[in-house]
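Take a look at the structure below.
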Amino acid sequence: MTEQTEQDEKLFKDLGLTPEIQQAIDEIGFEKPSPIQAEAIPELLAGHDVIGQAQTGTGKTAAFGLPMLQYLDPANDEVQAIVLTPTRELCIQVTQALRSYAEHLDIEIVAVFGGAPIRSQQAQLRSGAHVVVATVGRMKDLISRRSLVLTAARFVVLDEADEMLDLGFIEDVERILRMCPSGRQTALFSATMPPPIKRLADTFMYDPVTISITPKTLTVDAIEQAYVEVPGRAKVDKLIEVVKAEDPEQAILFCRTKLGCARLERDLKNRGLDVKALHGDLSQGVRDGVMLAFKNHRCKLLVATDIAARGLDVDHVTHVINYDIPNSSETYVHRIGRTGRAGRTGRAITFVTPDQRRDLDQIKKDVKASISEWEKPEDRIEHARPPRRKRRGEEPAPLDEQPAVAVEEVEEFDEVVEVPLNNVDDETGGDAGTGDESADIPETADGAVKLFVNRGSRSGIDEEDLRWALREGAVLNDDQVSDVRVLERFSFVEVDGDVAERTVEFLDGTRLKGSGIRVEIARS
Ligand code: ADP
Ligand code: MG
3 MTEQTEQDEK LFKDLGLTPE IQQAIDEIGF EKPSPIQAEA IPELLAGHDV
53 IGQAQTGTGK TAAFGLPMLQ YLDPANDEVQ AIVLTPTREL CIQVTQALRS
103 YAEHLDIEIV AVFGGAPIRS QQAQLRSGAH VVVATVGRMK DLISRRSLVL
153 TAARFVVLDE ADEMLDLGFI EDVERILRMC PSGRQTALFS ATMPPPIKRL
203 ADTFMYDPVT ISITPKTLTV DAIEQAYVEV PGRAKVDKLI EVVKAEDPEQ
253 AILFCRTKLG CARLERDLKN RGLDVKALHG DLSQGVRDGV MLAFKNHRCK
303 LLVATDIAAR GLDVDHVTHV INYDIPNSSE TYVHRIGRTG RAGRTGRAIT
353 FVTPDQRRDL DQIKKDVKAS ISEWEKPEDR IEHARPPRRK RRGEEPAPLD
403 EQPAVAVEEV EEFDEVVEVP LNNVDDETGG DAGTGDESAD IPETADGAVK
453 LFVNRGSRSG IDEEDLRWAL REGAVLNDDQ VSDVRVLERF SFVEVDGDVA
503 ERTVEFLDGT RLKGSGIRVE IARS
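When the count follows the working numbering, it moves up by one through the sequence shown with no breaks and lands on 526 for the last residue.
Printed below as a string of structure tokens:
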């Protein structure tokens, strides 16, 4: 070993692969093995069972695929190896990868998965398959139809085992394992190692070597992380606010359930956002179309369940939004690892309802990352300058520079009431004093001033909430408030002229029922 490298970095040619496989690797352009490959390939070539734990995108497919291909005998027409995958997408992805690695080998690799005609898969199996890459359900089906026998399957791979567990396939996986020869070699790959997977390994693997790659520079370091606390019913509005403020190039929005995923897609579509969903209730054709659209940048936002998004190899995701907080810290790391790839910085934003604060604290502790409260990108800069003050009696700004918000203008924006208001801030906030817009406040006949609030019933706000805010937040007596009117997307309140400024000052930029609110003098 020379000491040129910091760690003793291995090369593919050090791993004991055949020239045919080495040639394919060279042609694909892999320069050196990833850590999991460097460790797993020699073990698997030596015939050991291997448990490989590593995050998505670490090169697990080649880690098991290359030694598997090397193990096969092209002259033997039996199914000598199987790879079990949790989803159709992964099944196809793995098959394509294996075929590229087998470019210079006389090896047939057949993919079998649900949602496609079983007949053509049966035909493919009949015409010879050395390797079968399968989803669990379809493999079971083919076995029960006697289209597939596993008596010669001496190399078995369980890919993304934790996902198979989550999908409820573990018993089926065990059944399939029992049909394979007992002298087989088994490789199990998983991003996480929950107890049932450990038990499965204990029962079905022979003296396995465990390889665990916990990247020192866990990708999360390159990811700016924030959280948003919001009550459940205000989540959609808040999400739209966050998405608009963040303006991602591409974002994945994670939901826990298929149903939640479908619902969120619908809600976002209804608000005019460019969104597609990926979850298990969609037909296979639709899922393929969605994947392709997202990969080819024909769609900005992807709403997905953990399972559907698992293993997807997508670059350029600038944002991961945990619309539903993940159910474990491992899942958190796994989800947010979808952004900040290839040296780019990414942003991860996690939504929590008030009763999920503890879950968030646990994640913070486990991940040892700072996850601070989300702020609008422009607010992050604004904090650097002094707050805008409004003083009565100073020179009024010319009328046409007054940035008050006209209702008609607001109506034209679909759910982007914040936008005109933010522009207001941008124009006036920087040089307080020169353009004091509150100097001539339009008063109604009885001396009350109408204020505009950029939230309404859709944010779960009702009249009582606003009255409470005026009372508690702006310290007004009930008789200083002459009218409160809540509309769908915004509200108006009328307060006594001499407390109008104070109300704006005290309430603008605060939170009400989880939503940040903007309060401005409304122009009549
Ligand atoms: P995992 O299964 O761990 O999520 P994959 O096997 O899908 O990871 O690989 C992720 C990506 O990395 C793929 O695009 C693959 O082609 C690429 N890749 C794998 N091994 C290497 C390597 N040694 N060098 C460069 N790229 C690699
Ligand atoms: Mg994989």
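For every residue, glycine included, the Cβ atom is placed at its ideal position computed from N, Cα and C. Everything numeric in this text was worked out from a predicted model, so none of it was measured.
- Residues in its own chain within less than 8 Å of E226 by CB, not counting five upstream and five downstream? T347, G348, R349, A350
- Taking 7 Å as the line, does the beta carbon of S149 fall inside it for any heavy atom of ligand 3? Ligands in the displayed structure: ligand 1 and ligand 2; ligand 3 is not one of them.
- Task: Compute the distance between the beta-carbons of Q286 and G117, then report whether it is under 8 Å.
- Result: yes
- Query: Tell me the DSSP bridge mates of H321?
  - Reply: Answer is A253, R349, bridged to H321.
- Item | Length of the line joining the Cα atoms of G462 and R235 | 7 Å
- Query: Between T194 and the rest of its own chain, which residues show a CB-CB distance below 6 Å, the 5 nearest in sequence each way excluded?
  - Reply: D164, E332
- Please determine, among W376, D361, K302, the residue with the shortest C-alpha to C-alpha distance to V369. D361
- Can you check DSSP and say which residues form a bridge with F454? Among the bridge pairs identified by DSSP, F454 is matched with F494, E522.
- Item | Segments assigned beta strand (DSSP E), at least 3 residues, entirely inside the region 92-172 | 111-114, 133-137, 157-160
- Task: Ignoring anything shorter than 3 residues or poking outside the region 17-81, list the beta strand (DSSP E) runs there in chain order.
- Result: 52-55
- Message: I need the straight-line Cα distance from D168 to G458, nearest angstrom please.
- Response: 39 Å
- Query: Grouping DSSP H, G and I as helix and E and B as strand, with all else coil, what is I213?
  - Reply: Note: I213 maps to strand in three-state DSSP.
- Coarse secondary structure for V175, derived from DSSP in three states: helix
- Message: Quick check on the DSSP output: the alpha helix (DSSP H) that includes R469 runs from which residue to which?
- Response: 465-470
- Message: If you follow the beta strand (DSSP E) that R460 is in, where does it begin and where does it stop?
- Response: No beta strand (DSSP E) contains R460, which DSSP labels as neither H nor E.
- Message: Distance check for P328 and D239, CA to CA, integer angstroms please.
- Response: 20 Å
- Using CA coordinates, which residue listed in D363, R201, A371, G274 is at the minimum distance from I338? When only C-alpha atoms are compared, the closest one is A371.
- Mind checking who I547 pairs with in its DSSP beta bridge? Past the boundaries of the shown model lies residue 547; the chain is included only from 3 to 526, so the question cannot be answered.
- Item | Through-space distance from G291 to K366, alpha-carbon basis | 36 Å
- Given 8 Å as the limit, is there contact between the region 197-209 and the region 41-55, that is, 3 or more CB pairs closer than that? yes
- Task: Confirm, please, whether the CB-CB distance from H321 to E231 is below 8 Å.
- Result: Taking C-beta atoms as the reference points, E231 and H321 fail to come closer than 8 Å.
- Query: What is the DSSP secondary structure of S192, counted as helix, strand or coil?
  - Reply: strand
- Query: Nearest to T20 by CA position, among L47, G31, Q39, is which residue?
  - Reply: L47
- Message: Taking the alpha carbon of D498 as the reference point, which residue from A450, E490, L190 has its own alpha carbon closest?
- Response: A450
- Message: ligand 2 and K297: does any heavy atom of the ligand fall closer than 7 Å to the residue's C-beta?
- Response: no
- Query: Starting from R477 and walking both ways along the alpha helix (DSSP H), at which residues does that stretch end?
  - Reply: At residue 477 the sequence reads Val, which differs from the Arg that was named. Counting along the chain, no alpha helix (DSSP H) covers V477, and no H or E run does either.
- Item | Unbroken beta strand (DSSP E) run spanning T307, endpoints | 303-307
- Out of D174, Y103, D16, C263, state which residue places its alpha-carbon closest to the alpha-carbon of T87. D174
- Task: Ignore the nearest five residues each way along the sequence and tell me which others in M141's own chain have a CB closer than 8 Å to its CB.
- Result: I84, L86, V114, V134, L150, I178
- How about L453 and A524: are their beta carbons less than 8 Å apart? Against a cut-off of 8 Å, the Cβ pair of A524 and L453 comes out as a contact.
- Message: Considering Cα atoms alone, identify which of F171, C182, S184 is closest to P198.
- Response: F171
- Closest by C-alpha distance to R268, when choosing among A310, I242, V81, N324: I242
- Message: So, at 8 Å on beta carbons, what are the nonlocal neighbours of T7 in its own chain, with the 5 sequence-adjacent residues on each side left out?
- Response: Reliability of the predicted coordinates at T7 is poor, the pLDDT of 40 falling under 50, and the value obtained from them is presented with this limitation in mind. Residues of the same chain with their beta carbon placed closer than 8 Å to that of T7 are lacking, with the five preceding and five following residues left out of the count.
- Considering only residues of the same chain and omitting the five flanking positions on each side of A99, which have a CB-CB separation below 8 Å? T63, A64, G67
- Item | Heavy atom of ligand 2 within 7 Å of K452 beta-carbon | For ligand 2, not one heavy atom lies less than 7 Å from the Cβ of K452.
- Terminal residues of the continuous beta strand (DSSP E) containing K280? The question names Lys, but residue 280 is Leu in the sequence shown. Its beta strand (DSSP E) spans residues 277-280.
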